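Q: Protein chains in written order, with this note's numbering: chain Y, 3 to 287; chain A, 3 to 287; chain E, 3 to 318; chain H, 3 to 318.
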Amino acid sequence: MRNYKTIVLSNQEISPGYCRMRILAPGFGATARSGQFIMFRVQRSLPPLLRRPFGIFRTGSLPPDCEGQPPKEYVEILYKVVGEGTSLMRRLHEGDRVEVLGPLGRGFDEGPSGEEKILVGGGIGLVPLYMLARSLVGASPVRLLMGGRTRDDILAVTEFERLGVQTYVSTDDGSLGEEGLVTEVLKRKLAKYPGAGVYACGPMPMLEAVQKICAAHKVPLQVSLEALMACGVGACLGCVVKGKGHSEETPRYLCTCKEGPVFRAEQLDWSKMGEEPGYCEGCKS
Amino acid sequence: MRNYKTIVLSNQEISPGYCRMRILAPGFGATARSGQFIMFRVQRSLPPLLRRPFGIFRTGSLPPDCEGQPPKEYVEILYKVVGEGTSLMRRLHEGDRVEVLGPLGRGFDEGPSGEEKILVGGGIGLVPLYMLARSLVGASPVRLLMGGRTRDDILAVTEFERLGVQTYVSTDDGSLGEEGLVTEVLKRKLAKYPGAGVYACGPMPMLEAVQKICAAHKVPLQVSLEALMACGVGACLGCVVKGKGHSEETPRYLCTCKEGPVFRAEQLDWSKMGEEPGYCEGCKS
Amino acid sequence: MNNGQRQTKPSERRPSLAVEIAGIRMKNPVMPASGTFGYGEEFAPFLDLEGIGAIVTKGLSLRPKAGNPTPRIAETVSGMLNAIGLQNVGVDAFVKHKLPYLREINTPVIVNFFGNTLEEYAEVARRLSDIPEVAGVELNISCPNVKQGGIVFGTDPRAAAEVVKEVRRALAKPLIVKLSPNVTDITVIARAAEEAGADAISCINTLTGMAVDIRTRRPRIANRTGGLSGPAIRPVAVRMVHQVVQAVKIPVIGIGGIMTAADALEFLIVGATAVQVGTANFVDPGAMGEIVAGIERFCVEENIGDIRELIGSLKL
Amino acid sequence: MNNGQRQTKPSERRPSLAVEIAGIRMKNPVMPASGTFGYGEEFAPFLDLEGIGAIVTKGLSLRPKAGNPTPRIAETVSGMLNAIGLQNVGVDAFVKHKLPYLREINTPVIVNFFGNTLEEYAEVARRLSDIPEVAGVELNISCPNVKQGGIVFGTDPRAAAEVVKEVRRALAKPLIVKLSPNVTDITVIARAAEEAGADAISCINTLTGMAVDIRTRRPRIANRTGGLSGPAIRPVAVRMVHQVVQAVKIPVIGIGGIMTAADALEFLIVGATAVQVGTANFVDPGAMGEIVAGIERFCVEENIGDIRELIGSLKL
Ligand SMILES: Cc1cc2nc3c(=O)[nH]c(=O)nc-3n(C[C@H](O)[C@H](O)[C@H](O)COP(=O)(O)OP(=O)(O)OC[C@H]3O[C@@H](n4cnc5c(N)ncnc54)[C@H](O)[C@@H]3O)c2cc1C
Ligand SMILES: Cc1cc2nc3c(=O)[nH]c(=O)nc-3n(C[C@H](O)[C@H](O)[C@H](O)COP(=O)(O)OP(=O)(O)OC[C@H]3O[C@@H](n4cnc5c(N)ncnc54)[C@H](O)[C@@H]3O)c2cc1C
Ligand SMILES: Cc1cc2nc3c(=O)[nH]c(=O)nc-3n(C[C@H](O)[C@H](O)[C@H](O)COP(=O)(O)O)c2cc1C
Ligand SMILES: Cc1cc2nc3c(=O)[nH]c(=O)nc-3n(C[C@H](O)[C@H](O)[C@H](O)COP(=O)(O)O)c2cc1C
Ligand code: FES
Ligand code: FES
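1. Counting Cβ pairs, one atom from each stretch, are 3 or more of them under 8 Å apart for the region 18 to 25 of chain Y and the region 21 to 40 of chain A?
2. On the three-state DSSP scale, how would you describe A/Lys189?
3. Are E/Gly232 and E/Gly87 touching if we call contact CB-CB under 9 Å?
4. What residue from H/Leu318, H/Ile26 and H/Ala289 has the CA that sits closest to H/Asn108's CA?
5. Could you say which of E/Gly259, E/Gln89, E/Gly53 and E/Arg193 lies nearest to E/Gln278 if we only look at CA atoms?
6. Alpha helix (DSSP H) containing E/Asn84: first to last residue?
7. So with Cβ pairs under 9 Å, would you call Y/Leu134 a contact of chain H?
8. Mapping the DSSP letters down to three states, classify Y/Lys274 as helix, strand or coil.
9. Comparing the C-beta of E/Lys175 with each C-beta of chain A, is any distance below 9 Å?
10. Check whether chain A comes within 9 Å of Y/Leu223, counting only Cβ atoms and requiring the distance to be less than that.
11. Find out if the Cβ-Cβ distance for the pair A/Phe110, A/Tyr76 is shorter than 9 Å.
12. Is the Cβ of E/Val1 closer than 9 Å to any Cβ of chain H?
13. Rounded to the nearest angstrom, what separates H/Arg226 and E/Val246 at their Cα positions?
14. Taking the alpha helix (DSSP H) that H/Gly229 falls in, what are its first and last residues?
15. Measure the C-alpha to C-alpha separation of A/Gly57 and A/Gly37 and round it to an integer number of angstroms.
16. In chain order, what residues of the region 38 to 64 of chain A put their CB closer than 8 Å to some CB of chain Y?
17. If the criterion is Cβ atoms closer than 9 Å, does the pair Y/Ile152 and Y/Val159 meet it?
18. Grab the span of the alpha helix (DSSP H) containing Y/Arg354 for me, first residue to last.
19. Which residues, in chain order, does the region 283 to 313 of chain H contribute to contact with chain Y at a C-beta distance below 8 Å?
20. Quick one: grab the DSSP three-state call for A/Gly127.
21. By Cβ distance below 6 Å, which residues in the same chain neighbour E/Ala194 in space, the five residues on each side in sequence not counted?
22. Identify every run of the beta strand (DSSP E) within the region 40 to 127 of chain Y, keeping only runs that are complete inside it and at least 3 residues long; order them along the chain.
23. DSSP on A/Ser177, reduced to helix/strand/coil?
24. Please list, in chain order, the chain Y residues whose beta carbon lies closer than 7 Å to that of H/Arg89.
25. Are H/Asn84 and Y/Ala218 closer than 9 Å when you measure CB to CB?
26. Does H/Asn305 pass the burial test, meaning 16 or more other C-beta atoms within 10 Å, or should it be called exposed?
27. Could you name the residues of chain Y that H/Glu77 contacts, counting a contact when the two beta carbons are closer than 7 Å?
28. Along the chain, which unbroken stretches of the beta strand (DSSP E) at least 3 residues long are found entirely within the region 199 to 285 of chain H?
29. For ligand 6, I want to know if A/Gly62 counts as a neighbour, meaning its beta carbon is within less than 8 Å of at least one of the ligand's heavy atoms.
30. Near Y/Ser17, what residues of its chain come up, given a Cβ to Cβ distance below 7 Å and the 5 sequence neighbours on each side ignored?
31. Can you confirm whether E/Gly6, when its beta carbon is compared against all beta carbons of chain A, has any partner nearer than 9 Å?
32. CB E/Val240 to CB H/Met212, shorter than 9 Å?
33. Ligand 8 and A/Gly236: does the residue's C-beta get closer than 8 Å to at least one heavy atom of that ligand?
34. What does E/Ser80 reach in chain H if we use C-beta pairs closer than 7 Å?
35. Please compile the residues from chain Y whose C-beta is within a distance smaller than 8 Å of the C-beta of H/Gly259.
36. Quick check on DSSP: helix, strand or coil for A/Tyr195?
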């Protein structure tokens, strides 16, 4: 966990409104676990004031520019352009100076190997699932259920397939894969693989549905949450989410940045997740 | 006078810390007079909040990119990189979107033709003198006395010479032209051309010295002043300078942006010009 | 303006943006903030003066006022400090030189004014009462009362009530009282003004601030402290407008850091009947035109037929 | 930092940055602002905790506090709103789980705390008095007094004096009182605190603000209003520190929008003996280290051998 004062290696739009950025970060990969995130600083000057949190899509390395140099280790993020910060990010070019704080937070617990693994991603929510899939595929059969509004919201599926992951795409408008909600696909899969472990990331309404389904099927579920964040390191207490058994008398607030962003479903109080979102405009993914 | 929402045509460093920018501005040249200025907006977003005032170095036009199109009329500024705004300006590239408000203010009164014209420029203060020289040279003998700290502060002299202007360069450290203050040169020239008209722009200490010299020689003097400006159009009253005969009882504040930036020396109260500068850090030129 | 994610079905007819404040009818709820728009004329080259809700002129006093020494302004992070010192031409020159131009423009004129004593306030009010071109006045009570050792009228409920009463008595026009934000509880001042006869409240004026040049170690404006304006103060302004709207029955004009239509909409949603745009006029002399257009666009996107449906529609 | 135009002849020896506040010796005048630095530990990976003047911990109360519902924060122009609601682990957990780590670090620990009643304030003060690792306390009086219908202690001179007296009586440590900026005249509160026994003043806490999501028409934080912090408030903070320094004899700690060494220097020049850095810790967890280095660089450039020569050196 460091603050990398570094540079952009590449930054391109991969689907309308979605971009992929590689950032130079020597030594980052060795410490990063699936499900962790970074706090990204767009530029030294304002705006924006605060850093922006982004899941780690993957880490890797490129061959050095010249003989004898070490390979260029990078961290890669996938982001959706939704507002001021991400609009400024989209304009970044190779060589621009940025800062990356990370890797941050608690990632996924990979669970028993051999077990059927079902990954559920909604839109940009697929980001943290790639590194998870990469480390699961060796030991367990892995399925990715990928949902989105339209074909444009379905990202990087081929990369999952290259890992050897079985992928099932569904879109609300049927413009890609089967028409309908990803949660419908999940029900079918759980009927088929009752002993599976489920890992989900996406919009809160999707996560709430996934939680209900997994509870009904009594299968273990881990979810990766989003919340408004100022510090990303557990200092500001801006990013909290209600833990199971929370009440005014017995407060059980959990820090999304430090105790999360990945939680076991049973750690959380699902009663009013939707009403009191960590992020006010509701999900943008 | 308009707000041009336009683009940068070119922007290069011409001397360490000094840049020259051409900005597309159709129709601007037809309305601009020597000594006027623009309010420049670096970008649509913050920072900086306020526009930055810059003298008009010159207007001109470039041949169109394709046959049949009209020529590309531009306004050109010369600026010194001193702080936040100008540092951002230096980073602008061809095609970047900027805004230019202008032409603003009252320019030089060219005075009787045939008369000897002596232009005195200190550092970046030479900017408003170029258009003046350009329109004077036809009808009057024009001399430019150009002063600066070092050779790096002496700009665009060759362009004045190309107009047919006699130029005399002096630097504090003697790194270019004669060693010493431009005001010493002025004294000599006025001794030689007692009937000359003087036009000056530069740091306040230089202007105060020039004013004393011209008063002593009883020659007409016009000066172009700098002041902190918010609006540039006479609305905020942030840019005022004390007029002759100013007192608490009989306030005679003049707007540098509207009644200036060029003033006849006798319009101004020179008694404490230096102590109460329109711009707090004193002159940066 | 963050273009909402979800679809919006634009309504057919153009939304009505008209509002009324203290009997003054406005085409739309956007007007300049006093002192940032001169006497209107200065902005005619950049803006259609008949396309805004009203014209609010530079703070006026009985006699001409010299204002403060320079430097008078300094830029700060997302804001600016000013200590102009209320320099103005005085009532006579205003009537003689500035009004004739405004007379020709089909937009209500609101005259902002102040005094150094109760008598001065009342006298200016009397003078303005006789002028037909003046649709209403805006009373700036953020000034020191020289008689009371310079305590600022607007920071003390009693003093505020007193000056509003005096002016009310002397004035035959709609009276808007403009509040200072440099107070512990702005609702107390707002209620005092309402009870003393204000027809509307406008807030906020500038927050008192200071900036120092670390190399010269001098204050960056000659007056040491100045009024902070611009986007930096918007959250404080929105909060105070929200409080005042709940405290009084008269309409409230929201002011503070409005640069875009989205900013203006925040104030309308918390309950401001109209807004004033100040510092933004310096950044873009056409700003108010774009703000009016942006508000109209928003109403279309959100299927709002009349701006008054939006005013005070904050969900809690 | 605007690198001054003129030449500077660097002095030979390293300048001394040490300051003393209320008997607490600090290596340099830079410390974190409470609530933005957790309990110190969180920042150890990014910052040398022994390179700053002191560690100021998250506001502590007698019993654990749940804090507010979410969303608790919102970014604004060059600032942020927060309504964390003073969530904290309570005195017992602090002593048990947080102090042991701090004990190992050779930097004075200042514990910020608050209460909902005079009794609670006093009780926490008593508890902290017995803890050797606590170098001093910072009293946050920007809290509502539940007994007095929730009027905020820090906005009323009498209430402020009362709570400071109570705490002073119960406390056997240096006492820093932290003031709220949401007042008409901060010097009145500062003097009340001084007379009631404060050893130092720190100011400012956050300005109350609000922001609205124009699409949902909801406040952007669940608590409706929140505390505005960050560079946007700096001019207001510098002004208030300037005022307080002139009003009291005890040392003043300047807080508000400090992002860089240049910002910190503004506060020192107007007379703050030290500064606290808040929101900047979120933007750059190493910010305080760079600020200390920048202050040292400035002293060298300006030939200042001892930071105390700079403190209060404002030229008027
Ligand atoms: C742990 C975590 C991982 C994330 N991973 C990704 C990812 O891999 N790809 C991706 O595209 N997005 C991801 N997000 C969401 C991303 O942080 C926001 O989309 C981004 O901050 C929006 O910034 P903006 O300035 O463009 O939007 P604006 O709406 O202008 O931002 C305004 C403020 O709200 C905050 N904000 C806005 N949306 C969100 C959100 N959904 N979650 C948290 N804060 C938000 C911003 O950080 C900023 O403080 C993640 C969020 C979290 C908490
Ligand atoms: C009528 C006029 C004509 C000018 N012409 C030129 C020119 O042709 N070339 C050139 O290089 N400079 C010119 N200047 C000065 C130029 O405006 C400033 O150098 C520039 O604004 C500095 O901005 P900054 O953000 O880089 O500096 P900063 O110091 O960061 O600016 C901070 C604030 O101070 C103001 N400011 C700083 N220096 C000056 C100054 N000398 N005069 C007025 N305001 C200042 C800025 O506008 C800004 O509001 C002119 C100024 C005026 C008033
Ligand atoms: C340069 C300047 C001059 C001002 N003059 C006046 C004035 O004469 N009378 C007044 O009531 N307010 C005056 N104000 C305050 C503005 O009307 C407005 O209340 C304040 O600037 C906040 O709005 P803004 O953030 O949109 O600028 C002035 C503000 C500025 C920046
Ligand atoms: C997230 C957050 C939490 C805060 N918590 C506290 C607190 O517990 N006690 C306190 O006295 N001040 C608290 N503050 C106020 C800061 O200590 C500081 O006074 C304020 O943020 C202004 O400084 P800044 O602009 O550098 O952030 C908090 C500020 C923020 C942003
Ligand atoms: S983001 Fe600050 S505690 Fe989680
Ligand atoms: S800059 Fe506004 S009046 Fe001159």
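Beta carbons: idealized from backbone N, C-alpha and C, even for Gly. Bear in mind that the values here come from a model prediction, so they are computed numbers and not experimental data.
A: According to the data block:
1. Verdict: no, contact absent.
2. As a first step, residue 189 of chain A must be located in the second sequence, where it is residue number 187. Under the three-state reduction of DSSP, A/Lys189 is assigned to helix.
3. By one-based count along the third sequence, residue 232 of chain E stands at place 230. By one-based count along the third sequence, residue 87 of chain E stands at place 85. Pairing E/Gly232 with E/Gly87 gives a Cβ-Cβ distance that is not under 9 Å.
4. As a first step, residue 108 of chain H is located in the fourth sequence; it is residue number 106 there, counting from the start. Of the candidates H/Leu318, H/Ile26 and H/Ala289, the one whose C-alpha sits nearest the C-alpha of H/Asn108 is H/Ile26.
5. Counting from 1 along the third sequence, the entry for residue 278 of chain E is found at position 276. E/Gln278 has its Cα closest to that of E/Gly259, out of E/Gly259, E/Gln89, E/Gly53 and E/Arg193.
6. Translated into the one-based positions of the third sequence, residue 84 of chain E becomes position 82. Membership of E/Asn84 in any alpha helix (DSSP H) is not indicated; the residue belongs instead to the beta strand (DSSP E) covering Gly81 to Asn84.
7. Against the first sequence, residue 134 of chain Y aligns to sequence position 132. With 9 Å as the cut-off, Y/Leu134 does not count as an interface residue toward chain H.
8. Your numbering for residue 274 of chain Y matches position 272 in the first sequence. Three-state DSSP puts Y/Lys274 in coil, outside helix and strand.
9. Numbered from 1 along the third sequence, position 173 holds the residue referred to as residue 175 of chain E. So, not an interface residue.
10. To locate residue 223 of chain Y, count along the first sequence from 1; it is residue 221. Chain A contact via Cβ: absent.
11. Reading the second sequence from its first residue, position 108 is the one you call residue 110 of chain A. Reading the second sequence from its first residue, position 74 is the one you call residue 76 of chain A. Against a cut-off of 9 Å, the Cβ pair of A/Tyr76 and A/Phe110 comes out as no contact.
12. As shown, chain E starts at 3 and ends at 318. That puts residue 1 of chain E outside it, with no answer to give.
13. As a first step, residue 226 of chain H is located in the fourth sequence; it is residue number 224 there, counting from the start. As a first step, residue 246 of chain E is located in the third sequence; it is residue number 244 there, counting from the start. Taking the straight line joining both Cα atoms gives about 15 Å.
14. The residue you call residue 229 of chain H lines up with position 227 of the fourth sequence. Careful: H/Gly229 lies outside any alpha helix (DSSP H), inside the beta strand (DSSP E) at Thr227 to Ser231.
15. Counting from one through the second sequence, the residue named residue 57 of chain A turns up at place 55. Counting from one through the second sequence, the residue named residue 37 of chain A turns up at place 35. The straight-line gap from Cα to Cα measures roughly 7 Å.
16. Ser47, Leu48 and Pro49
17. Your numbering for residue 152 of chain Y matches position 150 in the first sequence. Your numbering for residue 159 of chain Y matches position 157 in the first sequence. It should be noted that the sequence gives Thr, not Ile, for residue 152 of chain Y. No, Cβ-Cβ distance for Y/Thr152 and Y/Val159 is not below 9 Å.
18. Shown here, chain Y extends from 3 to 287; a query on residue 354 of chain Y therefore has no answer.
19. Asn283, Phe284, Val285, Asp286, Pro287 and Gly288
20. Here residue 127 of chain A corresponds to residue number 125 of the second sequence, with the count starting at 1. In this structure, A/Gly127 counts as helix in the three-state DSSP scheme.
21. Residue numbering aside, residue 194 of chain E sits at position 192 when the third sequence is read from its first letter. Excluding sequence neighbours, E/Ala194 sits near Pro159, Ala162 and Ala163.
22. 54 to 57, 60 to 64, 74 to 82, 99 to 106 and 119 to 124
23. Here residue 177 of chain A refers to the residue found at position 175 when the second sequence is read from its first residue. If DSSP states are grouped into helix, strand and coil, A/Ser177 belongs with coil.
24. Taking the fourth sequence and counting its residues from 1, the one referred to as residue 89 of chain H is at position 87. For clarity, residue 89 of chain H is Gln in the given sequence; the question names Arg instead. By Cβ distance, chain Y contributes Leu239 and Tyr255.
25. The residue labelled residue 84 of chain H in the question sits at position 82 within the fourth sequence. The residue labelled residue 218 of chain Y in the question sits at position 216 within the first sequence. No.
26. Within the fourth sequence, the letter at position 303 stands for residue 305 of chain H. Classification for H/Asn305: exposed.
27. Along the fourth sequence, read from residue 1 onward, the residue named residue 77 of chain H stands at position 75. Ordered by position in chain Y, the residues that pass the 7 Å Cβ test against H/Glu77 are Pro50, Leu51 and Leu52.
28. Given a length threshold of 3 residues, each whole run of the beta strand (DSSP E) inside the region 199 to 285 of chain H is given here in chain order: 202 to 205, 209 to 212, 227 to 231, 254 to 257 and 276 to 279.
29. In the second sequence, counting from the first residue as 1, residue 62 of chain A sits at position 60. Every heavy atom of ligand 6 is 8 Å or more from the Cβ of A/Gly62, so no.
30. The residue you call residue 17 of chain Y lines up with position 15 of the first sequence. Asp154 and Leu157, listed in sequence order.
31. Position 4 of the third sequence, counted from the start, is the residue given in the question as residue 6 of chain E. Below a pLDDT of 50, predicted positions are generally treated as unreliable, and E/Gly6, at 41, falls in that range; the measurement from the model is reported next regardless. It does not; no Cβ of chain A falls within 9 Å.
32. The residue given as residue 240 of chain E occupies position 238 in the third sequence. The residue given as residue 212 of chain H occupies position 210 in the fourth sequence. Result yes, Cβ atoms of E/Val240 and H/Met212 sit closer than 9 Å.
33. No copy of ligand 8 occurs in the structure displayed; its ligands are ligand 1, ligand 2, ligand 3, ligand 4, ligand 5 and ligand 6 alone.
34. The count along the third sequence starts at 1 and reaches residue 80 of chain E at position 78. The contacting residues are Val79, Ser80 and Ala234.
35. Reading the fourth sequence from its first residue, position 257 is the one you call residue 259 of chain H. Per Cβ cutoff of 8 Å: no residues; H/Gly259 is ~10 Å from chain Y at best.
36. To locate residue 195 of chain A, count along the second sequence from 1; it is residue 193. For A/Tyr195, the secondary structure class from DSSP, reduced to helix, strand or coil, is coil.
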